[in-house]
Amino acid sequence: MKKEVSIEFLRFKEIRVENNYTQQAFAELLDIPSSTADIERGKTKITGQVVVKLLKLFDINPLWLYGESAFKYKKNTSVEITPKIITVNSQQNENILLVNQKAAAGYPQNTQDSQWFEQLPAFDLPLPQYRNATYRGFQVEGDSMLPSIRPQEWVIGRAVNDLGEVADNRVYVVVLQDSLLVKKIQKLPNVSKIRLISLNPAYLPIEVNIKDIQEMWQVNSKLSFGIEEPADNYLLQQLQDSMRDLKAQISNFQKQK
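Here the sequence shown stands for residues 2 to 258, numbered as in this note's numbering.
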(Lines of atoms letter the chains of each structure in order from A and count residues from 1; the text may use other names and numbers.)
(Lines give C-alpha, C1' and ligand atoms only; values in the text may rest on other atoms or scores of the structure.)
Protein backbone atom coordinates (compact mmCIF):
# COMPACT_ATOMS: atom_id res chain seq x y z
CA MET A 1 0.00 0.00 0.00
CA LYS A 2 1.42 3.36 -1.08
CA LYS A 3 2.12 5.74 1.81
CA GLU A 4 0.39 9.11 1.54
CA VAL A 5 2.82 12.03 1.47
CA SER A 6 2.07 14.91 3.85
CA ILE A 7 1.20 18.31 2.43
CA GLU A 8 4.45 20.00 3.50
CA PHE A 9 6.48 17.63 1.30
CA LEU A 10 4.18 18.18 -1.69
CA ARG A 11 4.40 21.94 -1.27
CA PHE A 12 8.16 21.79 -0.84
CA LYS A 13 8.36 20.09 -4.24
CA GLU A 14 5.93 22.65 -5.68
CA ILE A 15 8.29 25.48 -4.67
CA ARG A 16 11.26 23.74 -6.30
CA VAL A 17 9.43 23.02 -9.57
CA GLU A 18 7.94 26.52 -9.80
CA ASN A 19 11.41 28.04 -9.49
CA ASN A 20 12.96 25.66 -12.04
CA TYR A 21 15.49 23.97 -9.74
CA THR A 22 16.69 20.41 -10.01
CA GLN A 23 16.63 18.38 -6.80
CA GLN A 24 20.41 18.68 -6.56
CA ALA A 25 20.51 22.45 -7.21
CA PHE A 26 17.66 23.10 -4.75
CA ALA A 27 19.46 21.09 -2.09
CA GLU A 28 22.62 23.15 -2.56
CA LEU A 29 20.63 26.40 -2.35
CA LEU A 30 19.03 25.31 0.95
CA ASP A 31 22.20 23.71 2.40
CA ILE A 32 20.64 20.24 2.36
CA PRO A 33 23.05 17.27 2.11
CA SER A 34 22.81 15.35 -1.21
CA SER A 35 19.46 16.06 -3.00
CA THR A 36 15.90 16.90 -1.98
CA ALA A 37 14.55 13.54 -3.17
CA ASP A 38 14.04 12.08 0.32
CA ILE A 39 12.18 15.20 1.50
CA GLU A 40 9.86 15.10 -1.51
CA ARG A 41 9.12 11.41 -0.83
CA GLY A 42 8.32 12.19 2.79
CA LYS A 43 11.24 10.19 4.13
CA THR A 44 13.14 13.13 5.62
CA LYS A 45 11.62 15.94 7.68
CA ILE A 46 11.89 19.57 6.66
CA THR A 47 14.11 21.22 9.25
CA GLY A 48 13.49 24.61 10.81
CA GLN A 49 16.60 25.88 9.07
CA VAL A 50 15.13 24.94 5.68
CA VAL A 51 11.83 26.64 6.55
CA VAL A 52 13.73 29.84 7.39
CA LYS A 53 15.63 29.62 4.09
CA LEU A 54 12.37 29.25 2.14
CA LEU A 55 11.02 32.33 3.90
CA LYS A 56 14.13 34.42 3.22
CA LEU A 57 14.69 33.32 -0.37
CA PHE A 58 11.14 32.92 -1.68
CA ASP A 59 8.96 34.72 0.90
CA ILE A 60 7.18 31.40 1.59
CA ASN A 61 4.66 31.57 4.43
CA PRO A 62 5.52 28.72 6.86
CA LEU A 63 1.83 28.27 7.71
CA TRP A 64 1.06 27.70 4.03
CA LEU A 65 3.84 25.14 3.80
CA TYR A 66 2.16 23.04 6.49
CA GLY A 67 -1.37 23.50 5.16
CA GLU A 68 -2.51 25.98 7.81
CA SER A 69 -2.96 29.03 5.58
CA ALA A 70 -4.41 29.83 2.16
CA PHE A 71 -1.65 32.37 1.52
CA LYS A 72 1.52 31.07 -0.04
CA TYR A 73 3.63 34.19 0.39
CA LYS A 74 4.30 35.97 3.66
CA LYS A 75 3.47 39.40 2.26
CA ASN A 76 -0.07 38.22 1.45
CA THR A 77 -0.92 36.37 4.67
CA SER A 78 -3.96 38.47 5.53
CA VAL A 79 -7.18 39.58 3.89
CA GLU A 80 -8.34 42.96 5.17
CA ILE A 81 -12.01 42.57 6.10
CA THR A 82 -12.30 45.23 8.81
CA PRO A 83 -15.03 47.79 7.96
CA LYS A 84 -13.45 50.87 6.41
CA ILE A 85 -16.16 53.35 7.43
CA ILE A 86 -17.82 53.87 10.82
CA THR A 87 -19.88 56.75 12.22
CA VAL A 88 -20.34 57.96 15.81
CA ASN A 89 -23.05 59.89 17.63
CA SER A 90 -22.70 63.01 19.81
CA GLN A 91 -21.59 60.84 22.77
CA GLN A 92 -18.85 59.33 20.59
CA ASN A 93 -20.54 55.93 20.60
CA GLU A 94 -20.52 54.05 17.33
CA ASN A 95 -23.76 54.19 15.38
CA ILE A 96 -25.46 51.12 13.99
CA LEU A 97 -25.89 51.91 10.31
CA LEU A 98 -28.92 50.42 8.55
CA VAL A 99 -28.53 48.97 5.05
CA ASN A 100 -31.90 48.30 3.44
CA GLN A 101 -32.47 46.12 0.38
CA LYS A 102 -31.97 49.00 -2.06
CA ALA A 103 -28.75 50.16 -0.38
CA ALA A 104 -27.46 46.57 -0.20
CA ALA A 105 -27.27 46.47 -4.00
CA GLY A 106 -24.68 49.27 -3.97
CA TYR A 107 -22.92 48.33 -0.73
CA PRO A 108 -20.07 46.22 -2.23
CA GLN A 109 -19.02 49.06 -4.54
CA ASN A 110 -19.06 51.70 -1.77
CA THR A 111 -17.31 50.08 1.20
CA GLN A 112 -14.74 52.91 1.28
CA ASP A 113 -16.99 55.83 0.33
CA SER A 114 -17.69 57.88 3.46
CA GLN A 115 -20.21 60.12 1.66
CA TRP A 116 -22.26 57.10 0.63
CA PHE A 117 -22.38 55.86 4.23
CA GLU A 118 -23.45 59.30 5.51
CA GLN A 119 -26.74 58.85 3.64
CA LEU A 120 -27.64 55.67 5.54
CA PRO A 121 -29.98 55.79 8.56
CA ALA A 122 -28.15 55.32 11.86
CA PHE A 123 -29.16 54.65 15.44
CA ASP A 124 -27.70 53.62 18.78
CA LEU A 125 -28.85 50.79 21.02
CA PRO A 126 -28.03 51.60 24.68
CA LEU A 127 -27.52 47.95 25.56
CA PRO A 128 -24.28 46.34 26.77
CA GLN A 129 -24.56 43.71 24.02
CA TYR A 130 -23.94 46.45 21.44
CA ARG A 131 -20.86 48.04 22.96
CA ASN A 132 -17.13 47.56 22.38
CA ALA A 133 -17.58 46.45 18.76
CA THR A 134 -18.89 47.70 15.43
CA TYR A 135 -22.43 46.65 14.51
CA ARG A 136 -24.45 47.09 11.35
CA GLY A 137 -28.03 46.28 10.34
CA PHE A 138 -28.90 44.63 7.02
CA GLN A 139 -32.34 44.02 5.56
CA VAL A 140 -32.78 40.49 4.23
CA GLU A 141 -33.95 39.96 0.66
CA GLY A 142 -35.38 36.68 -0.59
CA ASP A 143 -36.35 33.44 1.15
CA SER A 144 -33.04 31.57 1.16
CA MET A 145 -32.75 31.75 4.97
CA LEU A 146 -36.24 30.52 5.81
CA PRO A 147 -37.49 29.47 8.29
CA SER A 148 -35.12 31.30 10.68
CA ILE A 149 -34.95 34.61 8.81
CA ARG A 150 -37.88 35.83 6.73
CA PRO A 151 -37.82 38.22 3.76
CA GLN A 152 -37.84 41.91 4.77
CA GLU A 153 -36.52 41.18 8.28
CA TRP A 154 -33.40 42.91 9.57
CA VAL A 155 -30.32 41.19 10.96
CA ILE A 156 -27.77 42.98 13.13
CA GLY A 157 -24.20 41.79 12.76
CA ARG A 158 -20.94 42.38 14.63
CA ALA A 159 -17.95 43.22 12.45
CA VAL A 160 -15.38 40.48 11.96
CA ASN A 161 -11.86 41.90 11.96
CA ASP A 162 -9.99 38.75 10.97
CA LEU A 163 -10.96 35.60 9.10
CA GLY A 164 -9.53 33.60 11.98
CA GLU A 165 -12.51 34.78 14.07
CA VAL A 166 -15.03 33.11 11.74
CA ALA A 167 -16.85 30.21 13.40
CA ASP A 168 -18.28 27.18 11.63
CA ASN A 169 -22.07 26.89 11.28
CA ARG A 170 -22.80 30.46 12.35
CA VAL A 171 -24.78 32.93 10.25
CA TYR A 172 -22.89 35.87 8.73
CA VAL A 173 -23.48 38.76 6.40
CA VAL A 174 -20.82 38.24 3.72
CA VAL A 175 -19.86 41.20 1.54
CA LEU A 176 -18.23 40.01 -1.68
CA GLN A 177 -16.85 42.13 -4.52
CA ASP A 178 -20.21 42.21 -6.31
CA SER A 179 -22.87 41.08 -3.84
CA LEU A 180 -24.03 41.00 -0.22
CA LEU A 181 -25.30 37.68 1.15
CA VAL A 182 -26.70 36.39 4.44
CA LYS A 183 -25.59 32.76 4.85
CA LYS A 184 -24.42 30.11 7.26
CA ILE A 185 -20.67 29.57 7.05
CA GLN A 186 -18.85 26.28 6.65
CA LYS A 187 -15.07 26.10 6.58
CA LEU A 188 -13.41 23.84 4.01
CA PRO A 189 -10.23 21.71 3.91
CA ASN A 190 -9.14 24.02 1.08
CA VAL A 191 -8.52 27.08 3.24
CA SER A 192 -8.54 29.42 0.23
CA LYS A 193 -12.31 28.95 -0.03
CA ILE A 194 -15.34 29.05 2.24
CA ARG A 195 -18.80 27.54 1.79
CA LEU A 196 -21.97 29.62 2.11
CA ILE A 197 -25.08 27.64 3.04
CA SER A 198 -28.73 28.67 2.83
CA LEU A 199 -31.03 27.45 5.59
CA ASN A 200 -33.75 26.90 2.98
CA PRO A 201 -32.95 23.48 1.43
CA ALA A 202 -34.29 24.66 -1.93
CA TYR A 203 -31.02 26.60 -2.39
CA LEU A 204 -27.71 24.86 -3.07
CA PRO A 205 -24.52 25.81 -1.16
CA ILE A 206 -21.99 27.99 -2.94
CA GLU A 207 -18.23 28.27 -2.49
CA VAL A 208 -16.39 31.58 -2.64
CA ASN A 209 -12.72 32.53 -2.63
CA ILE A 210 -11.45 34.08 0.59
CA LYS A 211 -9.74 36.80 -1.42
CA ASP A 212 -13.11 37.96 -2.78
CA ILE A 213 -14.49 38.76 0.69
CA GLN A 214 -14.54 42.46 1.60
CA GLU A 215 -16.36 42.32 4.95
CA MET A 216 -18.03 39.82 7.26
CA TRP A 217 -20.58 40.49 9.99
CA GLN A 218 -21.54 37.80 12.49
CA VAL A 219 -25.31 37.89 12.94
CA ASN A 220 -26.27 38.01 16.62
CA SER A 221 -29.82 39.39 16.54
CA LYS A 222 -32.68 40.26 14.22
CA LEU A 223 -35.62 42.65 14.01
CA SER A 224 -38.99 41.10 13.11
CA PHE A 225 -42.26 42.83 12.31
CA GLY A 226 -45.51 40.92 12.68
CA ILE A 227 -45.28 37.97 15.04
CA GLU A 228 -46.75 34.82 13.54
CA GLU A 229 -48.37 32.15 15.66
CA PRO A 230 -46.07 29.11 15.86
CA ALA A 231 -47.09 26.23 13.61
CA ASP A 232 -47.16 23.81 16.57
CA ASN A 233 -49.91 25.93 18.19
CA TYR A 234 -52.02 25.46 15.06
CA LEU A 235 -51.45 21.70 15.12
CA LEU A 236 -52.41 21.57 18.80
CA GLN A 237 -55.64 23.43 18.04
CA GLN A 238 -56.41 20.95 15.25
CA LEU A 239 -55.84 18.04 17.64
CA GLN A 240 -58.10 19.58 20.28
CA ASP A 241 -60.86 20.15 17.70
CA SER A 242 -60.56 16.55 16.52
CA MET A 243 -60.81 15.27 20.09
CA ARG A 244 -63.98 17.31 20.67
CA ASP A 245 -65.51 15.94 17.47
CA LEU A 246 -64.63 12.40 18.49
CA LYS A 247 -66.17 12.86 21.96
CA ALA A 248 -69.34 14.26 20.39
CA GLN A 249 -69.59 11.29 18.03
CA ILE A 250 -69.13 8.82 20.90
CA SER A 251 -71.75 10.64 22.97
CA ASN A 252 -74.25 10.54 20.10
CA PHE A 253 -73.54 6.88 19.50
CA GLN A 254 -74.16 6.03 23.16
CA LYS A 255 -77.48 7.96 23.17
CA GLN A 256 -78.69 5.99 20.15
CA LYS A 257 -78.09 2.62 21.85
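Beta carbons: idealized from backbone N, C-alpha and C, even for Gly.
Sequence-distant residues of its chain with Cβ nearer than 7 Å to residue 94 (five each side left out): For this step, residue 94 is matched to residue 93 along the sequence shown. Correct list, in chain order: 125.
Straight-line Cα distance separating residue 183 from residue 53: Translated into positions along the sequence shown, residue 53 becomes position 52. Translated into positions along the sequence shown, residue 183 becomes position 182. Those two C-alpha atoms are separated by around 41 Å.
Contact set for residue 67: own chain, Cβ-Cβ below 6 Å, skip 5 residues either direction: Working through the sequence shown from its first residue, we reach residue 67 at position 66. Excluding sequence neighbours, residue 67 sits near 9.
CB-CB length for residue 274 against residue 164, believed under 8 Å: Residue 274 lies beyond the stretch modelled for the chain, which goes from 2 to 258, so this question has no answer here.
Buried or exposed by the 16-neighbour rule on C-beta atoms within 10 Å, applied to residue 244: Here residue 244 refers to the residue found at position 243 when the sequence shown is read from its first residue. Classification of residue 244: exposed, given that the 10 Å Cβ count is below 16.
Neighbourhood of residue 146 by C-beta distance below 7 Å, restricted to the same chain and skipping five residues each side: Within the sequence shown, the letter at position 145 stands for residue 146. When the five nearest sequence neighbours on each side are left out, the beta carbons in the same chain lying within less than 7 Å of the beta carbon of residue 146 are those of 183, 199, 200 and 201, in order along the chain.
Pair within 8 Å by beta-carbon distance, residue 71 and residue 193: The count along the sequence shown starts at 1 and reaches residue 71 at position 70. The count along the sequence shown starts at 1 and reaches residue 193 at position 192. For the 8 Å CB-CB criterion, residue 71 and residue 193 form a contact.
Three-state secondary structure assigned by DSSP to residue 72: By one-based count along the sequence shown, residue 72 stands at place 71. DSSP, read as helix, strand or coil, puts residue 72 in coil.
Neighbour-count burial assignment, residue 207, 16 or more Cβ in a 10 Å radius: On the sequence shown, position 206 is the one that residue 207 refers to. It is exposed - the Cβ of residue 207 has fewer than 16 other Cβ atoms within 10 Å.
According to DSSP, residues forming a beta bridge with residue 217: Counting from one through the sequence shown, the residue named residue 217 turns up at place 216. For residue 217, which the question treats as bridged, DSSP gives the partners 175.
Proximity of residue 161 and residue 109 at Cβ, strictly below 8 Å: The residue given as residue 161 occupies position 160 in the sequence shown. The residue given as residue 109 occupies position 108 in the sequence shown. Not in contact: residue 161 and residue 109 (Cβ atoms no closer than 8 Å).
Beta-carbon gap between residue 97 and residue 159 smaller than 8 Å: The residue labelled residue 97 in the question sits at position 96 within the sequence shown. The residue labelled residue 159 in the question sits at position 158 within the sequence shown. With respect to residue 159, residue 97 sits apart: the two C-beta atoms are not nearer than 8 Å.
Close beta carbons around residue 39, own chain, < 6 Å, minus the five adjacent residues each side: Position 38 of the sequence shown, counted from the first residue, corresponds to residue 39. 45, listed in sequence order.
Nearest-angstrom Cα separation, counted from residue 69 out to residue 185: If you number the sequence shown from 1, residue 185 lands on position 184. If you number the sequence shown from 1, residue 69 lands on position 68. Taking the straight line from one Cα to the other gives about 22 Å.
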